[in-house]
Structure formats: C-alpha cells, structure tokens
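Here is the structure we will look at, set down as structure tokens.
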Amino acid sequence: MAKTMSSSTKQGEDRRQRTRQLIDKMLAQREQLMALLCEVSGVEPFATQKPLSELLEEFCQVLVDYIASGHFGLYERIAVGTERRKAVVRLAQQSYAKIVDTTQVALDFNEKYDNMKGRDDLEILQPDLWRLGEELATRVELEDKLIECLIGSEGKAVPEKQPH
10 MAKTMSSSTK
20 QGEDRRQRTR
30 QLIDKMLAQR
40 EQLMALLCEV
50 SGVEPFATQK
60 PLSELLEEFC
70 QVLVDYIASG
80 HFGLYERIAV
90 GTERRKAVVR
100 LAQQSYAKIV
110 DTTQVALDFN
120 EKYDNMKGRD
130 DLEILQPDLW
140 RLGEELATRV
150 ELEDKLIECL
160 IGSEGKAVPE
170 KQPH
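Count along the sequence shown starting at 1, add 9, and that's the number in the working numbering.
See below:
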C-alpha cells in the first residue's frame, strides 16, 4: 500500500510540474507578445526602426504560438479530463467560450496580417490592433484567474509581471 501511495504522490507531483512548465511557457510567450504588440503599435519606448511588415510577421508568429500554448497546453488538459480539481474545471468551463472568442479574433488577425511583404494597405492596422489588444486583455484576465486556481493550491502566486 505504501508503494502505491508513493507512486500516486509522484504522479501528482509530475502533473503539477508539467502544469507549471506549461504555465511558465505560456507566460513567457505572453510577455514577448505584449512587447511586440507595443512595438507594432509604435508605443514608446518600444518603437523600432524595423520594417512594419517584418514586425507583423514576427508578431503573428508569437501570437499563434501563444494562442496554441493556451489551447493545446492548458485547456486541452482540462478538456480531456486529466484535471481532477473541480474548482479548476468549473472555472475553465465558465471561461472557455470567451477564450474561444479571443482565439478567433487572434486567428483572424493572423490570417489578415501574417504575410504583409510588399503590401501597403496597413491603414486598417491600428483599429485591428486595438480590437486584438482588447481581446488579449480579456484573455489575459481569464487565463490569470485559471492560473491562480491551478497553482493557488500549491501555495504559489502567479508570478509578478515585470515592467519593461
């Protein structure tokens, strides 16, 4: 019996460690995404001399990576039933529809702007960036609640976001 409990404890620790790694990866991608969003938007001190098409390409890649890490990392684990904590599952179910909405806005933005080489129809970029920024803010808020629920039971807080 002791061996079974030890094995079960180890599996739980492994799951928590994998969850923490998923969260850390997603938060790192989020930080990079937000810096690039500021850069693409021309927000000081993030303004750059890089060509806008180059910035947009990089931004879109990070955007898709970030969105995927949430869906195929954090939410997939809950969707396939490997998450056993009822509070986490309940919170994920409550926020999932809005997460899907934010995902669609991000994918639409990516489809529209991913390959801008040689194109000069960027006058519509700012309103699209504004809408995407609003959706990302909503997503960040929902994700932070879920992260807090996921790791709150470990006695750890969501890492402080360091200003750049």
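Ideal placement from N, C-alpha and C gives every residue a C-beta, glycine not left out.
| Item | Value |
| --- | --- |
| 8 Å CB neighbourhood of L100 in its chain, flanking five on each side removed | K154, L155, C158 |
| Enclosing alpha helix (DSSP H) for L155 [first to last residue] | 134–161 |
| Helix, strand or coil at E92 according to DSSP, with G and I counted as helix | coil |
| Among L145, V89, Q135, P136, the one whose alpha carbon lies nearest that of K107 | L145 |
| Cβ pair L31, G82 closer than 9 Å | yes |
| Distance between beta carbons of M125 and L65, contact taken as under 8 Å | 5 Å |
| DSSP state of T109 mapped onto helix, strand, coil | Note that residue 109 is Val in the sequence shown here, rather than Thr. Here V109 sits in helix by DSSP. |
| Same chain only: Cβ atoms within 6 Å of S50, ignoring 5 sequence neighbours per side | L138 |
| Contacts around L141, its chain only, beta-carbon distance under 7 Å, and the 5 residues preceding and following it disregarded | V114, A115, F118 |
| Cutoff 8 Å; reference D74; Cβ partners in own chain excluding five residues on either side | Q38 |
| Boundaries of the alpha helix (DSSP H) in which V73 is found, first to last residue | 61–78 |
| Secondary structure of F81, DSSP reduced to three states | helix |
| With 16 other Cβ atoms within 10 Å as the buried cut-off, status of G79 | buried |
| Whether L134 touches L61 by CB criterion (9 Å) | yes |
| Nonlocal neighbours in the same chain, by C-beta distance under 6 Å from K170, ignoring five residues either side | With a pLDDT of only 47 at K170, under the threshold of 50, the placement of this residue in the model should not be trusted; the figure read from the coordinates follows. None. |
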